[in-house]
Amino acid sequence: MRYQHKLRFRIFLSYPILGLLISLIVIVFFWFSFEQLEQQLSQDFLTEELEHFIELTQKNPAVTQQIARNWAAYKIDPNQPSDTLPSLKGYVPGIFEITLNNKHYDVVVMEKQGYRFYILHDESGFRVLEKKLMIYVLSGTLRTYALTIDQ
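The numbering of the sequence shown is our numbering, which starts it at 11 and goes up by one.
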């Protein structure tokens, strides 16, 4: 049985294909690794910020909220009627990912001294940035692959 292409051409073609496969595997590995790292760092950061907010409210009990650029912390008395965060009242203490008003939030809920403390981190802007970075990485990989074929 005769092959259509010479051995030299098949070897030459196998290197870019192998490079593309290895690049895709590395991209998938990095994507999963960065997702896990991002989640762990975000949870640690939000937990520390909420603990700092709790300390702040212990020093000054009149403080009930603190708002920053990407996150907001709240102190709510569960025994008092409140319109603040009505959709989060059913959550138990812990860390959650939720969607409110078409925005993605990481939420940490804690209970201390009869109060419920919430911190909401708006990660919508980060998700847009993450998508752009993935597009850049994929386009760079495809350009590299295209350049190896042109050679």
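Beta carbons: idealized from backbone N, C-alpha and C, even for Gly. None of these values were measured; they are calculated from a predicted model.
| Check | Outcome |
| --- | --- |
| As assigned by DSSP and simplified to three states, the class of tyrosine 101 | coil |
| Which of helix, strand or coil DSSP assigns to alanine 72 | coil |
| Given asparagine 89 as reference, the closest of Phe22, Leu110, Gln123 once Cα atoms are compared | Gln123 |
| Best match in Asn80, Gln53, Lys85, Glu58 for proximity to proline 71 [C-alpha to C-alpha] | Lys85 |
| DSSP three-state assignment for alanine 156, whether helix, strand or coil | helix |
| Nearest-angstrom Cα separation, counted from alanine 82 out to isoleucine 37 | 34 Å |
| Glutamine 53 vs isoleucine 105 beta-carbon contact at 8 Å | yes |
| Closer than 7 Å: threonine 57 CB and nearest the ligand SAH heavy atom | Judged by which ligands are present, the structure shown has none, so any question about the ligand SAH falls away. |
| Residue from Phe19, Arg137, Asp132 with nearest C-alpha to arginine 79 | Asp132 |
| Proximity of isoleucine 145 and leucine 60 at Cβ, strictly below 8 Å | no |
| Reduced DSSP secondary structure (H/G/I, E/B, other) of arginine 18 | helix |
| Expected contact under 8 Å - CB spacing of aspartate 116 and leucine 47 to nearest Å | Not a contact, Cβ separation roughly 14 Å. |
| The beta strand (DSSP E) enclosing aspartate 87, as first and last residue numbers | No beta strand (DSSP E) contains aspartate 87, which DSSP labels as neither H nor E. |
| Cross-strand partners of valine 119 (DSSP beta bridge) | Gly104, Tyr128 |
| Lysine 113 versus serine 134 - alpha carbon distance | 6 Å |
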